[in-house]
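**Q** So the number in this note's numbering is just where the residue sits in the sequence shown, counting from 1, plus 36.
Cβ coordinates follow ideal geometry from the N, Cα and C atoms, glycine included.
All of these numbers come straight from a predicted model, not from anything done at the bench.
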Amino acid sequence: MNAETRKCENCKQPFVIEPEDFGFYQKMQVPPPTWCPDCRMLRRMIWRNERGLYRDKCGLCGKNILSMYSGDRKYPVYCRDCWWSDKWDPLSFGRELDTARPFLEQFRELDERVPRMNLWQVNVQNSDFANFVRDEKEVYLSYSVIQAENIYFSKNVDNAFSIFDSLDAHDSENCYQCVKPSKDFNCRYAVYSRSCIDSAFIYDCVNCTNCFMSSNLRNKEYYFRNQPHTREEYLAKLKEVNQGSWSVLQELTLEFRELMRKSLNKYAQITTSTATTGNDLENCKNVHDSFNGFDMENIRYSVRCLKGKDSMDITNIGRNTELIYESVSGGAENSNLLAFASNSFGGMTDGWYTDYCHSSSHLFGCVGLRNKQYCILNKQYTKEEYEALVPRVIEHMNNMPYTDQQGRIYKYGEFFPPEFSPFAYNETIAQEYFPLAKAEALERGYRWKEPDAKDYAATRKPEDLPDHIKDVKDDILQETVGCAHAAPPAGGCNHQCTVAFKIIPKELEFYRRSTLPLPRLCPNCRHYERLAQRNPLRLWHRQCMCDKAGHAHSGPCQNEFETSYAPERPEIVYCEACYNAEVV
């Protein structure tokens, strides 16, 4: 089959369906998509709220809880213990198929009645203030964390220990304000570093120890501002840097940004992979148009996925998965043949149009089911009844499709309409990767949630905090610090700012032990500052910028590639061969 160019039903722009894509759709027995990959990705992201958290009460036991669902919801919310208990039966919400109405309309009604769990948590300890976490303990205001311990104010953390204010940390320990650290130990302000130790303000460094304000280094030790030194010289220079001072930190941050701007950049952060396009990928084979993942094979159009194969259009999915399509959130661990799913807890087989389901098989249009099989709209059927009814449901979805508020048509094979999402646009990760102003979001048909009135007020302005950590007293733990973004002249931001924040004991202990100044921004605003150091989830076709002699080419290098560096950006972007000749 040849590639086909079609027009996206959402953005109206042309997009290409590749021959191998058609093969996957045939294997899944679904029609080709009518939305382009970018619009499909955004449509999934609208279903994932990580950091918009609200105080609430469990709808079953009544205890106080923290929830990702705001008070204006339509459905009950249970605490983790109650949701996983046998005190309620999701099959009690089951209903017959009504062939006089669109199937997705009936699914929406079911989805708005079945109780939801306040936060997405599986096998966690002491982590009441964490969302989308699994197999971890002592996690606080962190999101998308797997097999980790002592994680604070971070996102996308896997197999790590003692991580503070970091993004995409993997196999690392004792890191602070790092972006994409991999196998790092005791690093601060490290961006795209691997196997580095005792270093700070480093960019694109690999296997380096005791390096400061340096970039593009390999297997180096005692480098200060990209210059080699003896151990004694390095330690003497490092001692001159007053790293516990906030004002000094601002100067270092500006210097580091300029250092990164002038550094060489490989077209993509892809390691130990073959036949792969995208960015931030490791140990991948035949993975395309994907971002932030590892240990994947035969996957396309994915974001934040790990240890999966033979899947397409997946967001935040992973760990031993196969044949997953158009699904978002929850890992879907040990699942196969799963499509149009949200918040899957794993152990799913042959599931279609599901939300909050776990360890089940042969489900169609179900919500909140655990250890069930052969169910449609939460109604139990026999195997024979189920297999006879599913084709009729699919036919009904095609003959009577759902039409959303924007006039877009949803037949069988489309993910849930954005208006079905329980979240407003600015509550979700869509706002992190595709930020919109309120007017823009509303114009496109998305909901927007105004921040709730805060029941607390700042007792300490950020500008009144001590400049140096050595001058911070224990009474800071009783203070509520105002976020610098919330006060003039900043005048607020679009970063889910919490207006004010608390310093917690373990956080203060870490700052003192590491000689780090107190932050002036709330955790959400700090997160968005780290996001700004990441490239967008998009690829451009470009040519290598190298024009140096001795790199196996005369004149400008003619190599071309797909890169997440937009053509108008100022960074120097090389193909792999020229980059290796210069750096490695």
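Rounding to the nearest angstrom, what Cα-Cα distance links A460 and K191 in this structure?
**A** 20 Å
**Q** For Y303, report the span of its alpha helix (DSSP H) as first-last.
**A** Premise fails: Y303 is in no alpha helix (DSSP H) and is neither H nor E.
**Q** By a C-beta neighbour count over all protein chains shown, 10 Å radius and 16 as the cutoff for buried, is N379 buried or exposed?
**A** buried
**Q** Along the chain, which unbroken stretches of the alpha helix (DSSP H) at least 4 residues long are found entirely within the region 52-136?
**A** 55-64, 73-81, 116-120
**Q** Y389: which of S397, F381, A377 sits nearest, CA to CA?
**A** Closest by alpha carbon: A377.
**Q** Which residues in the same chain as Y448 place their Cβ atom closer than 6 Å to its Cβ, once the five residues preceding and following it in sequence are excluded?
**A** I430, M433, N434
**Q** Per DSSP, what kind of secondary structure is K447 in: helix, strand or coil?
**A** Residue state, collapsed to three classes: coil.
**Q** Take the Cβ of E468 as the centre, count every other Cβ of all protein chains shown within 10 Å, and call the residue buried at 16 or more, exposed below.
**A** buried
**Q** Please give the ranges of any beta strand (DSSP E) in the region 362-421, keeping only runs that are unbroken, at least 3 residues long and fully inside the region.
**A** Taking only runs of at least 3 residues, the beta strand (DSSP E) segments lying wholly in the region 362-421 are 372-378, 385-391, 397-403, 409-412.
**Q** Let me check understanding here. Comparing Cα to Cα, which of N100, K43, I53 lies closest to H324?
**A** Considering only alpha carbons, the answer is I53.
**Q** Under 8 Å: do the region 608-617 and the region 579-589 share three or more Cβ pairs, one atom per stretch?
**A** yes
**Q** What are the boundary residues of the alpha helix (DSSP H) that includes R549?
**A** Its alpha helix (DSSP H) spans residues 541-550.
**Q** Which residues bound the alpha helix (DSSP H) around T289?
**A** 282-298
**Q** Could you tell me which residues DSSP puts in a beta bridge with A424?
**A** Answer by DSSP bridge pairing: none, since A424 is not bridged.
**Q** Please say whether F168 and S180 have beta carbons closer to each other than 7 Å?
**A** Their beta carbons are under 7 Å apart, which means S180 touches F168 by this criterion.
**Q** With a cut-off of 8 Å on the beta carbons, I'd call K485 and S106 a contact; round off their distance for me.
**A** 7 Å
**Q** For the region 545-555 against the region 276-291, do three or more pairs of beta-carbon atoms, one drawn from each stretch, fall closer than 8 Å, so that the two count as touching?
**A** yes
**Q** How should R336 be labelled, buried or exposed, when 16 other C-beta atoms within 10 angstroms of its C-beta is the threshold for buried?
**A** Answer is buried; the Cβ neighbour count reaches 16.
**Q** Could you check how far apart the C-beta atoms of D207 and A196 are, in whole angstroms? I think they sit under 8 Å.
**A** Contact flag correct, Cβ pair sits at about 7 Å.
**Q** Between R570 and Y270, what straight-line distance do the alpha-carbon atoms span, to the nearest angstrom?
**A** 30 Å
**Q** Would the region 78-86 count as touching the region 464-484 if we require 3 or more Cβ pairs under 8 Å?
**A** yes
**Q** So, using beta-carbon positions, are T310 and N319 closer together than 7 Å?
**A** no
**Q** Could you tell me the boundaries of the alpha helix (DSSP H) in which L271 lies?
**A** 267-276
**Q** Quick one: grab the DSSP three-state call for A166.
**A** strand
**Q** Could you name the residues of the same chain whose beta carbon sits closer than 8 Å to that of D92, not counting the 5 residues immediately before and after it, in chain order?
**A** N100, I101, L102, S103, Y105, G107, V113, N154
**Q** How long is the line joining the alpha carbons of I412 and R42, rounded to whole angstroms?
**A** In this model, I412 and R42 are separated by some 33 Å (Cα to Cα).
**Q** Express the C-alpha separation of N252 and K298 in angstroms, rounding to a whole number.
**A** 11 Å
**Q** Indicate the three-state DSSP secondary structure (helix, strand or coil) for E598 in the structure shown.
**A** strand
**Q** Spatial neighbours of Y303 within its chain, please: C-beta separation below 8 Å, excluding the five flanking residues on both sides.
**A** R578, C580, F597, E598, T599, Y601, V609, Y610, C611, E612, Y615
**Q** Can you grab the Cα-Cα spacing for the pair S397 / A136, in whole Å?
**A** 27 Å
**Q** Please list, in chain order, all residues of the same chain as C118 whose beta carbon is under 6 Å from its beta carbon, the five residues on each side excluded.
**A** C94, L96, C97
**Q** Got a sec? Which residues, its chain only, sit under 6 Å from P151 by beta carbon, not counting five neighbours each side?
**A** P112, Y114
**Q** What residues match up with V181 in a beta bridge as DSSP calls it?
**A** Among the bridge pairs identified by DSSP, V181 is matched with V169, V193.
**Q** Please state if the CB of T357 and the CB of V339 are separated by a distance shorter than 7 Å.
**A** no
**Q** So is Y492 buried or exposed if we call it buried at 16+ other beta carbons inside 10 Å?
**A** exposed
**Q** Applying the criterion that 16 or more other CB atoms from any shown protein chain within 10 Å of the CB defines a buried residue, is G382 buried or exposed?
**A** buried
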